[in-house]
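In full-length UniProt numbering, the protein residues as written are 1 to 176.
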């Protein structure tokens with residue numbers, strides 16, 4: 001299983017929620033995100049979506065041991081024949097390991113909270129160059145059901161007040 005690089009101080013990498021006093025909005029400050037690897041940013045996209053040109057990609061089939069812990073896969077007991085995997089993010093913007101704030105945010109004077117939350121990666125296909133738009137209607141439905149399953153899991157935590165699904169997609173980005 002892969003692990004992110006360590007730092008000298010655990011608190012130096014812990015994310016925070018900070019209130020922007022000018023716009024009165026909460027923003028995520030996550031210094032550990034800068035530790036993400038960038039070595040695959042310069043590689044060109046694959047020309048054939050049916051091939052797996054990047055055999056070193058930890059998100060492609062056969063490299064599951066290089067990823068963060070798995071949360072679930074579809075089908076559930078599929079072994080190496082998975083179609084979708086949901087894993088923890090090695091470089092999360094928020095941390096599931098910090099204590100969530102339990103009080104009223106309106107009375108908070110300091111404007112800084114521990115960055116509690118979840119930031120997972122949904123691997124929508126075992127062949128990395130294949131995008132959501134390349135999937136069949138039933139394949140897209142299966143991905144949406146995986147999103148729903150993870151949303152329902154996260155909604156069961158009392159401290160979770162907001163859930164957002166987003167997708168990064170491009171030759172220098174990874175789908176999440």
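Ideal Cβ positions, reconstructed from N, Cα and C, are used throughout, including at glycine.
Values in this document were obtained by computation on a predicted structure and should not be read as measured data.
Mark residue i as exposed unless 16 or more other C-beta atoms lie within 10 angstroms of its C-beta, in which case mark it buried.
i           : result
residue 13  : buried
residue 121 : buried
Under 7 Å Cβ to Cβ from residue i, same chain only, skipping five residues before and after it: list those, please.
i           : result
residue 140 : 132
residue 159 : 100, 116
residue 20  : 27
residue 79  : none
Please work out which residues of its chain come closer than 6 Å, Cβ to Cβ, to residue i, disregarding the five sequence neighbours upstream and downstream, and give them in chain order.
i          : result
residue 43 : Its pLDDT being 48, under 50, residue 43 is placed unreliably by the model, and the measurement read from it follows with that caveat. Nothing meets the Cβ criterion.
residue 96 : 118
residue 73 : 82, 85
Enumerate in chain order the residues of its own chain whose CB-to-CB distance from residue i is below 8 Å, with the five nearest sequence positions on each side excluded.
i           : result
residue 87  : 67, 68, 69, 70, 71, 120, 121, 123
residue 163 : 151, 154, 155
Closest to residue i by C-alpha separation, out of the options, would be which residue?
i          : options           : result
residue 76 : 36, 154, 104, 145 : 145
residue 28 : 15, 22, 34        : 15
residue 18 : 81, 80, 33, 111   : 111
Measure the beta-carbon distance from residue i to residue j and round it to whole angstroms, keeping in mind my assumption that it falls under 8 Å.
i          : j          : result
residue 34 : residue 93 : About 11 Å separates the two Cβ atoms, so there is no contact after all.
Are the beta-carbon atoms belonging to residue i and residue j less than 9 Å from one another?
i           : j          : result
residue 126 : residue 83 : yes
residue 36  : residue 64 : no
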